[in-house]
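**Q**
Here is the structure:
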């Protein structure tokens, strides 16, 4: 009775709780009202929840997080606090210029045969398609990226964390790359661990491109960073 999931109800509760509650939850022994976030929740409820978690986002940041929140809510029955923290963290760490962008990824994996990945990677606005095999689906996806965007960066750290419970839990992936003394990190979150891993890897490479540019002033990013076809 005190859990309001509808976007209209949540907005009304935020403005005036008496609109939808004729009695207080404390009157019947409950600790308070619950506003579970899901696919019906709106921006106002999301903003209020993020403020409770300590995040005060600008309107453009909130809009970006809201788009990804709705996409996540379509895949999950309820979005938990840890999910929101992962979404905001992904937004705040994704500040590198996206010279590389993952457009499409499909993987084939199983108990027999090599693991395969089929990818479309956008490089400086141009789509490139490739498929590759690897020692596992993540390795195959990383191989696709490296074949399209050759580099000497070495993967130092690869960490996966399930931030919520259940089989539909969102995974947060962090990677650290090193190339010629330059160390960069990347992170991403998704309900698909392979997608999160690939996006984190690409995020780190985008940061590496910026680091390269800072140590090679005057050179075009294509010359410094991209030698694929």
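In this note's numbering, the protein residues as written are 30 to 258.
Here a beta-carbon is modelled for each residue, glycine too, at the ideal position from N, C-alpha and C.
A quick note: this is a predicted structure, and the numbers were derived from the prediction, not measured.
1. Are there 16 or more other CB atoms within 10 angstroms of the CB of residue 57, so buried, or fewer, so exposed?
2. Output needed for residue 138: all residues of its chain with C-beta closer than 6 angstroms, excluding positions within five of it in sequence on either side, in chain order.
3. Going by C-alpha distance, which of 233, 148, 70 is nearest residue 182?
4. Do three or more CB pairs link the segment 223 to 232 to the segment 195 to 205 at distances below 8 angstroms?
5. Using a Cβ-Cβ cut-off of 6 angstroms (strictly less than) and excluding sequence neighbours within five positions of residue 207, which residues of its own chain qualify?
6. Within a Cβ cutoff of 7 angstroms, which residues of the same chain sit near residue 125, ignoring the five residues on either side of it in sequence?
7. Quick check on the DSSP output: the alpha helix (DSSP H) that includes residue 103 runs from which residue to which?
8. Just tell me which of 197, 81, 116, 94 has its CA closest to the CA of residue 217.
9. Could you check what DSSP says for residue 112 in three-state terms: helix, strand or coil?
10. By a C-beta neighbour count over all protein chains shown, 10 Å radius and 16 as the cutoff for buried, is residue 163 buried or exposed?
11. Report the option in 159, 70, 136 whose CA atom is closest to the CA atom of residue 100.
**A** In short:
1. For residue 57, the predicted structure reports a pLDDT of 46, less than 50, and the residue's modelled location is therefore unreliable. The matter cannot be settled from this model.
2. Excluding sequence neighbours, residue 138 sits near 144, 166.
3. When the alpha-carbon of residue 182 is set against those of 233, 148, 70, the nearest one is in 233.
4. Counting C-beta pairs closer than 8 angstroms gives three or more between the segment 223 to 232 and the segment 195 to 205, which meets the contact rule.
5. Excluding sequence positions up to five before and after residue 207, its CB lies within less than 6 angstroms of the CB of 183, 185, all in the same chain and listed in chain order.
6. In this prediction, residue 125 scores a pLDDT of 49, lower than 50, which makes its location untrustworthy; the coordinate-derived value is nonetheless stated afterwards. Taken in chain order, the residues that qualify are 232, 235, 236, 239.
7. In the DSSP annotation of this structure, the continuous segment of the alpha helix (DSSP H) that includes residue 103 starts and ends at 88 to 104.
8. Cα-wise, what sits closest to residue 217 is 116.
9. Residue 112 falls in the helix class under three-state DSSP.
10. Residue 163 counts as buried, since at least 16 other C-beta atoms from the protein chains shown sit within 10 angstroms of its C-beta.
11. Looking at 159, 70, 136, the one whose alpha-carbon comes closest to that of residue 100 is 70.
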